[in-house]
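The structure appears below as structure tokens.
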Amino acid sequence: MTYKLFSEDYDFDTGRNAKDEQVIIGILAPDVVVLLFTDDGMLQDVIKFPSGITESVHQYDVYHDAFNDLLVKTKSHFGFVPEPVCIQQFFLEKDEIGIRCFPDHYINYLNNKDDESLYDLEAKESYERLICEWKRKNNFVFILGKDYYIDGETGEIESS
7 MTYKLFSEDY DFDTGRNAKD EQVIIGILAP DVVVLLFTDD GMLQDVIKFP
57 SGITESVHQY DVYHDAFNDL LVKTKSHFGF VPEPVCIQQF FLEKDEIGIR
107 CFPDHYINYL NNKDDESLYD LEAKESYERL ICEWKRKNNF VFILGKDYYI
157 DGETGEIESS
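See below:
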């Protein structure tokens with residue numbers, strides 16, 4: 007299964023590089039990361055560019071000026087053109103980058119839904135409705151420093 011993903015001018019951008027490879031360029035503090043994909047959406051390479059920030063930066067602190075400067079330079083270096091990408095599911099544990107089918111709280115529910123001390127009937131019904139809708143829309147989670155909930159039909163970020 008491939009996952010459509012499109013983001014422009016957010017914490018990450020999707021598109022193609024000068025070699026016509028699918029690419030995601032984004033912030034994974036304290037670095038800018040470039041993910042390169044084959045035409046069939048398989049992850050083929052991960053390249054990290056240090057931001058040069060010497061102070062302690064949390065992975066979610068993406069508003070530092072050094073990141074924006076480095077993003078612009080990196081996109082220029084790769085001949086980046088924004089467009090949607092279609093990629094296969096992957097997950098890099100060490101860097102916490104990848105795609106998951108469900109948000110963590112849905113996974114937690116699915117793994118523990120029979121535990122009555124955690125979920126009453128109303129909560130179970132709510133989760134079942136939400137998960138059914140999530141599946142119907144083919145939504146997924148893209149993770150790059152934080153979770154981005156992606157609309158499976160448009161490939162656009164619904165929330166983060």
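The numbering of the sequence shown is my numbering, which starts it at 7 and goes up by one.
Positions of the beta carbon are idealized from the N, C-alpha and C atoms, including for glycine.
Note that the structure is a prediction, hence the values are computed from the model and not measured.
So the beta strand (DSSP E) residue i belongs to, where does it begin and stop?
i, result
"Glu-14", "Segment: none, Glu-14 is in no beta strand (DSSP E) and carries neither H nor E."
"Ile-105", "103-106"
Could you give the residue range of the alpha helix (DSSP H) that holds residue i?
i, result
"Cys-138", "127-142"
Taking all protein chains shown into account, do 16 or more other C-beta atoms lie within 10 angstroms of the C-beta of residue i, making it buried, or fewer, making it exposed?
i, result
"Gly-85", "exposed"
"Asp-26", "exposed"
"Thr-20", "buried"
"Gly-58", "exposed"
"Val-87", "exposed"
"Val-91", "buried"
"Lys-10", "buried"
"Ser-82", "exposed"
"Ser-13", "buried"
Quick one: residues in its chain with C-beta nearer than 8 Å to the C-beta of residue i, no 5 flanking neighbours on either side, listed in chain order?
i, result
"Val-52", "Val-39, Val-40, Leu-41, Leu-42, Leu-98, Asp-101, Ile-103"
Note down, in chain order, each residue of its chain lying with its Cβ closer than 7 Å to the Cβ of residue i, except the 5 sequence neighbours on either side.
i, result
"Lys-130", "Lys-119"
"Asp-157", "Lys-143, Asn-145, Glu-164"
"Lys-54", "Asp-37, Val-39"
Might you give, ordered along the chain, the residues of its own chain that have their beta carbon closer than 6 Å to the beta carbon of residue i, omitting 5 neighbours on each side?
i, result
"Gln-95", "Ile-105"
Can you tell me which of the options puts its alpha carbon nearest to the alpha carbon of residue i?
i, options, result
"Tyr-112", "Lys-141, Ile-137, Ile-93", "Ile-137"
"Leu-49", "Phe-12, Glu-162, Leu-76, Thr-8", "Thr-8"
"Gln-28", "Glu-89, Asp-75, Lys-152, Val-78", "Glu-89"
Check: Pairing CB atoms from the segment 108-128 with CB atoms from the segment 139-147, are three or more of them under 8 Å?
Finding: With the cut-off at 8 Å, the segment 108-128 and the segment 139-147 touch.
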